[in-house]
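If you're matching positions, the sequence shown starts at 321 in the numbering used here and goes up one per residue.
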Amino acid sequence: MDIPRPVRWDGPVTAPDADADTFEEHRSVLTGVAYRMLGRVTDAEDVVQEAWLRWSAAGREEVRDPRGYLVRVTTRLALDRLRQVQARREAYVGPWLPEPIATDYGPAVPDTAERAVLADSVSLAVLVVLESLSPLERAVFVLREAFGFPFGEIAVTLDRSEASVRQLASRARRHVDERRPRFTVDPAEQRDLTERFLAAATGGSLGNLLELLAPDVRLVGDSGGKAKAPLRVIETADKVGCFLYAVAQIPLPDPDFRFMEINGRPGLLVLSAGRPDSAVSLEVADGRISAVYLVRNPDKLGCLTG
């Protein structure tokens, strides 16, 4: 299972064709693992590039299972990077959200059940929950739940016993299940609600906007101190509605609104004068909006327009 919009990869052009082809065959899985582990496309790119360097330098007689070897290398590199970036996130201005990505699976994932698994494993809500896991718990959860790796293979990847990995998986799964959204929503229903959300917010109707929000709705804004956004999570329908209504009344130069699939959910990209201004992703429960994720950090919006 991979992210359908792959991140940039610039492998050395001098590599033997067979080595490059093998790496390319597994690149989307490596990208999917790295992004789910780190929540940033740039960090995922760096990890995948380093995995390429390890792969190109590896003795072929030592690699019997290229896919297993590459996933193992990528996971370990992502764990190292995750431990590094966690310190940076503690100093981040305001709430931190994963970097949103466009996820238009199209005909590549025709099966409805598989599409649902893909969408859930990369949703902003789930990635936010993964931030509260330990690095090892996160690695186990990603490899097991998103990619279906057997426990024995994960144990080899993390250099842990299989029993230890099973315990990590159980603890991570319980933690995620307690905090992830519990409702399955039809994508058409969610897109309709997203469109109604935009119409209410921009149409000058606070009442209509409040009708779409669950009483305990939460708004999480991410600006990194580089744009205007709430520095704390806003809760309850009245407060979230009033904030969104006030923001929508601020005129933007040459505004453009694009509906698109963001991290497996129908979302909204707002552009101003041709440049991305913000990305909005909604979580829906019982026909109402239960969470609003608002990303305004300009460093995190490039992948939605590339």
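Just so it is clear, CB atoms sit at the ideal spot from N, CA and C, and this is done for glycine as well.
These figures come from a predicted structure and were not determined experimentally.
With burial defined as no fewer than 16 other Cβ atoms inside 10 Å of the residue's Cβ, what is the status of residue i: buried or exposed?
i	result
Ser-481	exposed
Glu-531	exposed
Ala-407	exposed
Ser-571	According to the sequence provided, residue 571 is Pro. The question's Ser does not apply to it. Exposed, by the Cβ-count rule.
Pro-631	This structure cannot speak to residue 631, because the chain is shown only from 321 to 626.
Ser-543	buried
Ser-598	buried
Phe-577	exposed
Gly-524	exposed
Lys-620	buried
Gly-352	buried
Gly-359	buried
Ala-549	buried
Leu-589	buried
Val-460	buried
Glu-410	exposed
Leu-350	buried
Give every residue of the same chain whose Cβ lies closer than 6 Å to the Cβ of residue i, excluding the five residues on either side of it in the sequence, and list them in chain order.
i	result
Asp-337	none
Leu-463	Phe-469, Ile-474
Ala-568	Ala-521, Thr-522
Leu-551	Gly-414
Ala-633	What is shown of the chain runs 321 to 626, which leaves residue 633 out entirely.
Can you give me the C-alpha to C-alpha distance between residue i and residue j, rounded to a whole angstrom?
i	j	result
Leu-602	Arg-396	32 Å
Leu-591	Arg-401	32 Å
Phe-343	Val-615	33 Å
Arg-511	Arg-374	42 Å
Val-600	Phe-579	10 Å
Glu-555	Val-448	17 Å
Gly-379	Ala-489	32 Å
Val-383	Asn-528	60 Å
Ala-398	Val-391	10 Å
Thr-477	Glu-345	20 Å
Val-268	Val-540	Examination of residue 268 is not possible in this model, given that the chain is present from 321 through 626 alone.
Ala-566	Ala-519	14 Å
Ala-371	Val-393	6 Å
Arg-494	Pro-575	43 Å
Arg-585	Leu-513	12 Å
Arg-347	Val-368	8 Å
Leu-453	Gly-587	26 Å
Leu-526	Ala-508	24 Å
Ala-340	Pro-386	12 Å
Gln-487	Gly-472	13 Å
Asp-497	Ala-466	14 Å
Leu-450	Met-357	8 Å
Asp-440	Val-413	27 Å
Val-553	Thr-625	27 Å
Leu-564	Tyr-389	47 Å
Tyr-613	Ser-376	39 Å
Can you list, in chain order, the residues of its chain whose CB lies under 7 Å from that of residue i, leaving out five sequence neighbours each side?
i	result
Gly-607	none
Phe-517	Leu-532, Leu-602, Ile-609
Ala-593	Pro-573, Asp-574
Which whole-angstrom value is the C-beta distance of residue i and residue j, which I expect to be below 8 Å?
i	j	result
Lys-546	Pro-596	With 8 Å as the limit, Lys-546 and Pro-596 do not qualify as a contact, their Cβ atoms being about 13 Å apart.
Glu-457	Ala-492	4 Å
Ala-611	Val-537	7 Å
Arg-313	Pro-455	Past the edges of the chain, shown from 321 to 626, lies residue 313, and the structure says nothing about it.
Return the chain-ordered list of same chain residues with a C-beta closer than 8 Å to the C-beta of residue i, the five sequence neighbours on each side being excluded.
i	result
Asp-366	Arg-401
Val-405	Leu-358, Arg-360, Asp-363
Cys-562	Leu-526
Val-485	Val-460, Phe-471, Ile-474, Ala-475, Leu-478
- Task: Evaluate contact between the region 441-455 and the region 410-419, counting only Cβ atoms and requiring at least three cross-stretch pairs below 8 Å.
- Result: Flag = yes, the region 441-455 and the region 410-419 touch.
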